[in-house]
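First residue of the sequence shown: 1, per the UniProt record's numbering; consecutive thereafter.
Glycine included, C-beta positions come from ideal geometry on N, C-alpha and C.
Notes follow the structure.
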Amino acid sequence: MEWLFDPAIWAGLLTLVVLEIVLGIDNLIFIAILADKLPPHQRDKARLIGLSLAMLMRLGLLTIVSWLVTLTTPLFFMAGQGFSGRDLILLAGGVFLLFKATIELHERLEGVTHVQTGSKVYAGFGAVVAQIVVLDAVFSLDAVITAVGMVDELGVMMAAVVISIGVMILASKPLTRFVNAHPTVVVLCLSFLLMIGLSLVAEGLGFHIPKGYLYAAIGFSIVIETLNQFARRNFLKSQARMPFRDRTADTVLRLMGGRKRTEAAADPQDEQPAELDAFAVEERNMVSGVLTLGDRSVRSVMTPRSAMSWVNLDDAAETILRQLQETPHSLMPVCRGQLDNVLGIARTKDMIADLLLGRPIGETGARLRTPIVLPDTAGVLKAMDTLKRAHGQLVLVTDEYGVVQGLLTPVDILEAIAGEFPDEDEELAIQLKAPGLWEVDGAADLHLLEQVLETDALVRDDADCTSLAGFLLAHFEGFPDVGQSLELDGLRYEILAVEERRIAKVAVRRIAAAELEEAA
1 MEWLFDPAIW AGLLTLVVLE IVLGIDNLIF IAILADKLPP HQRDKARLIG LSLAMLMRLG
61 LLTIVSWLVT LTTPLFFMAG QGFSGRDLIL LAGGVFLLFK ATIELHERLE GVTHVQTGSK
121 VYAGFGAVVA QIVVLDAVFS LDAVITAVGM VDELGVMMAA VVISIGVMIL ASKPLTRFVN
181 AHPTVVVLCL SFLLMIGLSL VAEGLGFHIP KGYLYAAIGF SIVIETLNQF ARRNFLKSQA
241 RMPFRDRTAD TVLRLMGGRK RTEAAADPQD EQPAELDAFA VEERNMVSGV LTLGDRSVRS
301 VMTPRSAMSW VNLDDAAETI LRQLQETPHS LMPVCRGQLD NVLGIARTKD MIADLLLGRP
361 IGETGARLRT PIVLPDTAGV LKAMDTLKRA HGQLVLVTDE YGVVQGLLTP VDILEAIAGE
421 FPDEDEELAI QLKAPGLWEV DGAADLHLLE QVLETDALVR DDADCTSLAG FLLAHFEGFP
481 DVGQSLELDG LRYEILAVEE RRIAKVAVRR IAAAELEEAA
């Protein structure tokens, strides 16, 4: 009974139990597929019979193979090396394990899965059990040969088989879920099979490899895999802290071939696979715009106060008429004296008709509509719902003090998704002047600019700015002069023009790789 106190025996038993369980998973899956052909009330019985037959089959094969490896009398000689029955059994078993492990690794790495085919027709219980018996015989070979290669004592082999089958009977479903959720564990165990198969071939050729070496290598690999599993669990926890919307958006964009400029710059020679070219940059930008809408505020998509067109009733009729004739807008706020004193919203054609007929604007009929107002803290999804109920009317955006900050129309929502649609009296806020050089309006939307520049350094969840001018002011911490520049994330932002205490034009230039190296 001294073997009970031998650490190598217990190490071999534990390792063999784990290997037997992993090797039995495929058997378990095929038994489940065959049992699924039976009526529901017979499936559990078929699984129990199948696993029990697998245990008996393995115990019987263990007894036979263990007896065969005791045949040490040489049967023939080759190149001065004698080959006995034991050597032939070990050689055949080692080659079988090498072949089996290689095929399984190929299927795992290539993504080949075992699926059930054919129509759903219930089979007879006897026919299914007969198929399970045949499968047990096939799937038992690798388990038996592995046991012979791992340990020398028949009792330890049989104990490992009984324990592994017992565990599979009691926890077949959790075990299957665990193996499917941790494919690296299966790959590791198949690698152990390769190592055991190689040791069996070496034994058959007369080279003895101490079992302690195998246990040490397996134990070290298990420790490393355990650390990897802990690291992966911590990584998943870290990922879980990221909002689900952000994780989904990032995954969708990566599937479409989206890649940040900083990633591309890391390896300029790296070309994206051809299948990623199936989605144009504009398509990826539109998908990005849709996925980020829910996180944006009205302030980031509205037409700002400085760009609003509005009618001042205190102006002369000729001035108002000339203004209306030159404007491309169909609706405009009507105010008295200042923009914050809004009387209503009117159609441009109705106001022109009033002025041509010499009557005050909004005096005839219900031509001045009550303005729809949204706070600037509202989200874009809330704004979209409001626009749907506005029946074509624009929406005014105000701050907490009731000061008008801008206006919102369906076109502003569309521009947040698909890019700019300038009016007749407007220019593109982002203009490409040369490769790697853009001229950008200070009021340009940060989300759109981030897409054009292929960077992720502009939009911040904790920042209050929505335009390039606001972004630069936050970084300069003061009002910049013309010619002042800022370098960030491989881009240089240079102030080109300042008008009425605001940044009007900015030149954005991509810093060359050589300049980046010199700066480093």
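Pairing G436 with R509 gives a Cβ-Cβ distance under 8 Å. Sixteen is the threshold: when 16 or more other Cβ atoms of the shown chains lie within 10 Å of the Cβ of D445, as they do, the residue is buried. Non-local C-beta neighbours of Q451 in its own chain, meaning closer than 7 Å and more than five positions away in sequence, comprise N285 and S288, ordered along the chain. L19 sits away from M158, with the two beta carbons spaced by 8 Å or more. Our two residues, K433 and Q484, have alpha carbons roughly 20 Å apart in a direct line.
Going by DSSP, C335 is part of the beta strand (DSSP E) stretching over L331 to R336. By the neighbour-count criterion, in which 16 or more other beta carbons inside 10 Å mark a residue as buried, F192 falls on the buried side.
With contacts defined by Cβ atoms closer than 8 Å, I430 and L458 do not form a contacting pair.
Exposure of F235 is indicated by the presence of fewer than 16 other C-beta atoms within 10 angstroms of its C-beta. Going by beta carbons, L394 and L381 fall outside the 8 Å limit.
A Cβ-Cβ distance of about 6 Å is found for the pair A469 and R502, placing them in contact under the 8 Å criterion. Per DSSP, the unbroken alpha helix (DSSP H) holding F192 starts and ends at P183 to G204. Pairwise C-beta distances place the region 80–94 in contact with the region 200–212, as three or more of them are shorter than 8 Å. The residue among E499, P371, T377 and V223 with its C-alpha nearest the C-alpha of R389 is P371. The three-state reading of DSSP puts F479 in coil, since its state is none of H, G, I, E or B. Cβ-Cβ separation between M332 and V301: approximately 19 Å, too far for a contact (criterion under 8 Å). In the DSSP annotation of this structure, the continuous segment of the beta strand (DSSP E) that includes I495 starts and ends at L491 to E499. In the assembly as shown, T15 is a buried residue. Its beta-carbon has 16 or more other beta-carbons within 10 Å. Secondary structure of M157 (DSSP, three-state): helix. In this structure, the straight-line span from the alpha carbon of R299 to that of E499 is close to 22 Å.
Using a C-beta cut-off of 8 Å, the region 312–328 makes contact with the region 410–428, since at least three inter-stretch Cβ pairs fall below that distance.
Here E439 carries a strand assignment [DSSP, helix/strand/coil]. If you draw a 10 Å sphere on the C-beta of K237, you find fewer than 16 other C-beta atoms in it, and that means exposed. In terms of Cβ geometry, I165 and L51 form a close pair [threshold 8 Å]. D481 and E454 have their alpha carbons spaced roughly 27 Å apart. A straight line joining the alpha-carbon of F476 with that of G294 spans about 29 Å.
Secondary-structure assignment with DSSP links R510 through a beta bridge to L491. For the pair L59 and V161, the Cα-to-Cα distance works out to about 7 Å. With a beta-carbon spacing of about 14 Å, L324 and I345 fall beyond the 8 Å limit used to define contacts. 8 Å or more divides the Cβ of L194 from the Cβ of L291. The three-state reading of DSSP puts V287 in helix, counting H, G and I together.
In chain order, M286 place their CB closer than 6 Å to the CB of A418, counting only its own chain and leaving out the 5 sequence neighbours on each side.
Going by beta carbons, R336 and L313 fall inside the 8 Å limit.
Annotated as distal: L48 and V156, with beta-carbon spacing of 8 Å or more. Here R367 carries a coil assignment [DSSP, helix/strand/coil]. Note on F471: 16 or more other CB atoms within 10 angstroms of its CB, so buried under the neighbour-count rule.
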